[in-house]
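Input: a single structure, listed below in structure tokens.
Residue numbers (our numbering), protein chains in the order written: chain W, 715 to 1101; chain L, 6 to 642.
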């Protein structure tokens, strides 16, 4: 019996030591992550006019912590993840409710819980939690049963609760991302196509009602998307300035730390939502395409992990997490280029923000976990031998 | 079971993953396409927009040109002044800062209101002027207390300054802030604190004096704060305007007029150069430049001596006996009387039932004597023989009845009545009695002091239609103008003997008939430091004002002071000197004087003429453009 065969059996059983698991992590994925982060780090350094403070330094520290978190999540036994998926989901949902209540009491939008050391934003954590819960749910569903409409009741409830809570915060962007992630996850889980078509028709039919439920500033953002020059100093200001900065960057950009629009403060939120604009201003289309390329590689890694995984839970987690990444960067970049409404979606691994980066690292940790545990045989409830 | 389930799962998963991957690839391609559109196709447009965004053009106000007298003396210049400003963002609690400042300098409630308004309107880093023209004392007090006055600065600035204060206020005019109505698209006018000419030379030559704005390209951030200057074009300073005025004569004349409501013009009879143009009382143009207080304005606008009106140009007076010069020339031209023929003055003149009085009984008077005695009866008779239209024609030749064209605002044309005029203006037929009134320069005849000075000049220079001018045309359209080869004045075609008879009469007015020495002659003889013969020739005039009844007229003869000021006669005097070779002419009008032209206006004219002759400005080389800059170091700072 060769080493490989021995190893393979242990892989299937999932009884590796943490050291072995770390050895089997995809280090090239981590290298890719570092490349993407390096972009962000450079932009944060530039955003502060060539200073580690106030953004680049703290962000680097969080990234290092994030790498630790990633590793920690990667070595957790995947069956534990399956087993406690609902618990995790329940805790985050409770936190969301707590935020909603305290926000109601405090007045105004409240999105985070102050833990003293850092501020916890439950809506961020909800994304992986929901992915885990849905993957757990579909892991136990038979191929044949997927066709039954009743199967969909639980996932709809699982999705609806956090979506409504997040929407009420109000954080339309995150709510939409949650909805879309779920949609894609259901699609990948095998839900019949006509059901998606039905939902699509219903969405179109309901759009006037939804429009009337939107808040004024949200309506403004959508109107602004359709015609950014409608109110160039008001709601259209950000998007117009963003396009000016981006367009003036040209093919090769103005050079590192030489972006005029971002450094002269024409660009709003240049360290968070509009960081891509700054990148494209300073490094031009070449820089923008390079970053997109890195993201595409990340997507390929994610889907490859999903393909190579031998259990449904892992596949759906990997797809869910990867789809999340895609939605984040797509919406963010589309937004700053004026082809999506201005919603508060950050650019993954690039935008400044503690909870956001740590949550993303946690997500990569989950992806890595699936990669490490791709061959583990798993029962419906996450037992070690119940298959 | 698990194997088939797994392989079914895998098939479905693979299929759907392909779909998902395809959709995502399309979406990413959209992003790249959009990026290409923005950053390559539309790049130039956005680059332009980006520069528009960050580059702010600022106008730099050019220093205003000076106004100089004929010898380069500054009449209006820019003075460096110190002003206290506040930058709101550095003054937390602007109210407290202003309170503290009010302890140190005078700060009116009005100023505080204005500052508060400006603070609300402007960006918080734009300095706001609190007070201009600080004295050294005020500046020192602020400097010492700077630590307690956050956001308070002392800035230098330029302010218009008229070094001779009141001396030439009417003709120079003044500058003041731009009104809404003045905005005409010149961006300079929108500069905060920019001032434009509002009257006089400042107004008429405003464009030349204003200069061209400089520009500064400043890179600004999104809040409009300047980061650095990219480009700087100095503006063009306004051109200096050189006047024909001699400041020394102007000032002397102003002082000589004292408290009277009076006006005068001194003119070079050959060139038309106005050496002095005085309207009294005057005002301090510097006060206008800094902005009048309500009280100052009220004092000026309610003063019955009308300090705000430039009487030389807009005061229309009955010329009285000074107009007899025109009747004389018309009579000679039309031969209605010869110089030797006499008219008997028995103290009154009857025309039908209409009886007009002379101020004396003169007996038989020939022409020269009629002028020197100013016999009204003689001129009633001559005027009757002439008819009004012939007199009017002569008066118009000498510049009466139309504006002089020196170009200052608000000039009035006066009035020379004709038969046709009366018909048109009043719908009445011309009455013979009207002609008698015109014959002694009363009735409807009106003339401004500058017209009277022009008339005197044309008599003095031998009938050349000299035109008064105030500004030396040194530069026109960027090209220097050769003044000597400039305008040639036309001849009025008055036969010289006619003028000599008139001038003999005018000589006698001042010096008495040959061989006599009248009291007036003694008073008016010019003192001659070099023992040269400097004789003055002139013609007095005493013009009644409307509204005086017969009883008051009698009272005025006995004691002018008993009549209300506004109803007293005006005293006039026109003159030229030296009599034998005239060079300077002058007209003086004293409003509502305590006596006639001979007693009141003539002595003033004499004193000023003596000063004019002593200085003799027309014979001295004038200073040219580049010399001006060298000789007067003030102004362009």
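Beta carbons are placed, not taken as given, at the ideal position from N, Cα and C, and that holds for glycine.
So what does DSSP say about residue i, is it helix, strand or coil?
i: residue 291(L); result: helix
i: residue 580(L); result: strand
i: residue 588(L); result: coil
i: residue 148(L); result: helix
i: residue 236(L); result: strand
i: residue 423(L); result: coil
i: residue 838(W); result: helix
i: residue 166(L); result: strand
i: residue 505(L); result: helix
i: residue 349(L); result: strand
i: residue 462(L); result: helix
i: residue 981(W); result: coil
i: residue 35(L); result: helix
i: residue 359(L); result: strand
i: residue 820(W); result: Because residue 820(W) sits at a pLDDT of 49, beneath the cut-off of 50, its placement in the model cannot be relied upon, and the following sentence gives the value as read from the coordinates. Three-state DSSP puts residue 820(W) in a helix.
When the Cα of residue i is compared with those of the options, which residue comes out closest?
i: residue 1104(W); options: 1016(W), 967(W) and 1062(W); result: Shown here, chain W extends from 715 to 1101; a query on residue 1104(W) therefore has no answer.
i: residue 390(L); options: 372(L), 336(L), 163(L) and 285(L); result: 336(L)
i: residue 963(W); options: 200(L), 39(L) and 51(L); result: 51(L)
i: residue 988(W); options: 1056(W), 934(W), 867(W) and 971(W); result: 1056(W)
i: residue 376(L); options: 515(L), 173(L) and 244(L); result: 515(L)
i: residue 253(L); options: 443(L), 168(L) and 411(L); result: 168(L)
i: residue 1083(W); options: 784(W), 953(W) and 754(W); result: 784(W)
i: residue 421(L); options: 444(L), 410(L), 432(L) and 412(L); result: 444(L)
i: residue 16(L); options: 904(W), 965(W) and 861(W); result: 904(W)
i: residue 847(W); options: 1034(W), 1087(W), 1074(W) and 1078(W); result: 1034(W)
i: residue 615(L); options: 600(L), 604(L) and 590(L); result: 590(L)
i: residue 607(L); options: 622(L), 455(L), 547(L) and 456(L); result: 547(L)
i: residue 204(L); options: 38(L), 352(L), 221(L) and 180(L); result: 180(L)
i: residue 1088(W); options: 1027(W), 899(W) and 807(W); result: 1027(W)
Measuring only the C-alpha atoms, how far is residue i from residue j?
i: residue 424(L); j: residue 270(L); result: 31 angstroms
i: residue 560(L); j: residue 278(L); result: 42 angstroms
i: residue 439(L); j: residue 394(L); result: 12 angstroms
i: residue 1002(W); j: residue 183(L); result: 52 angstroms
i: residue 341(L); j: residue 387(L); result: 7 angstroms
i: residue 449(L); j: residue 175(L); result: 27 angstroms
i: residue 158(L); j: residue 106(L); result: 11 angstroms
i: residue 612(L); j: residue 625(L); result: 21 angstroms
i: residue 729(W); j: residue 834(W); result: 33 angstroms
i: residue 885(W); j: residue 86(L); result: 58 angstroms
i: residue 878(W); j: residue 871(W); result: 10 angstroms
i: residue 635(L); j: residue 218(L); result: Any answer about residue 635(L) is weak, because its pLDDT of 39 lies below 50 and its placement is not dependable; what the coordinates show is given next. Cα to Cα, residue 635(L) sits roughly 24 angstroms from residue 218(L).
i: residue 112(L); j: residue 49(L); result: 53 angstroms
i: residue 82(L); j: residue 282(L); result: 19 angstroms
i: residue 1090(W); j: residue 1025(W); result: 8 angstroms
i: residue 290(L); j: residue 931(W); result: 57 angstroms
Within 10 angstroms of the Cβ of residue i, are there 16 or more other Cβ atoms? Answer buried if so, exposed if not.
i: residue 19(L); result: exposed
i: residue 100(L); result: exposed
i: residue 975(W); result: buried
i: residue 820(W); result: Residue confidence is low: residue 820(W) scores 49 on pLDDT, short of 50, so the model does not pin down where it sits. Its coordinate-derived value is still stated next. Classification of residue 820(W): exposed, given that the 10 Å Cβ count is below 16.
i: residue 1101(W); result: Caution is warranted here: a pLDDT of 42 is assigned to residue 1101(W), below 50, making its placement in the model unreliable, and the coordinate value is therefore given only provisionally. Under this definition residue 1101(W) is an exposed residue.
i: residue 34(L); result: exposed
i: residue 46(L); result: exposed
i: residue 501(L); result: exposed
i: residue 189(L); result: exposed
i: residue 767(W); result: exposed
Report the neighbours of residue i on chain B: residues whose CB is nearer than 7 angstroms to its CB, in chain order.
i: residue 1059(W); result: The displayed structure is made up of protein chains W and L, and chain B is not among them.
Review point. For the 8 angstroms Cβ check, are there 3 or more pairs between the segment 370–390 of chain L and the segment 402–422 of chain L?
Key: no
Notebook entry, point to check: Would you call the segment 316–332 of chain L and the segment 346–356 of chain L in contact, with 3 or more CB pairs under 8 angstroms?
Noted result: no
Using a Cβ distance threshold of 8 angstroms, determine whether the segment 991–1000 of chain W contacts the segment 949–967 of chain W, with at least three qualifying pairs required. yes
Item to complete: Take every Cβ of the segment 352–369 of chain L, pair it with every Cβ of the segment 325–333 of chain L, and state whether three or more of those distances are shorter than 8 angstroms.
Response: With a cut-off of 8 angstroms on Cβ pairs, the segment 352–369 of chain L is not in contact with the segment 325–333 of chain L, counting fewer than three such pairs.
Note to self: Can you confirm whether the segment 537–546 of chain L touches the segment 576–583 of chain L when touching is taken to mean that 3 or more C-beta pairs between the two stretches lie within less than 8 angstroms?
What the structure shows: yes
Item to complete: Could you say if the segment 141–153 of chain L and the segment 68–79 of chain L meet the contact criterion of at least three C-beta pairs nearer than 8 angstroms?
Response: no
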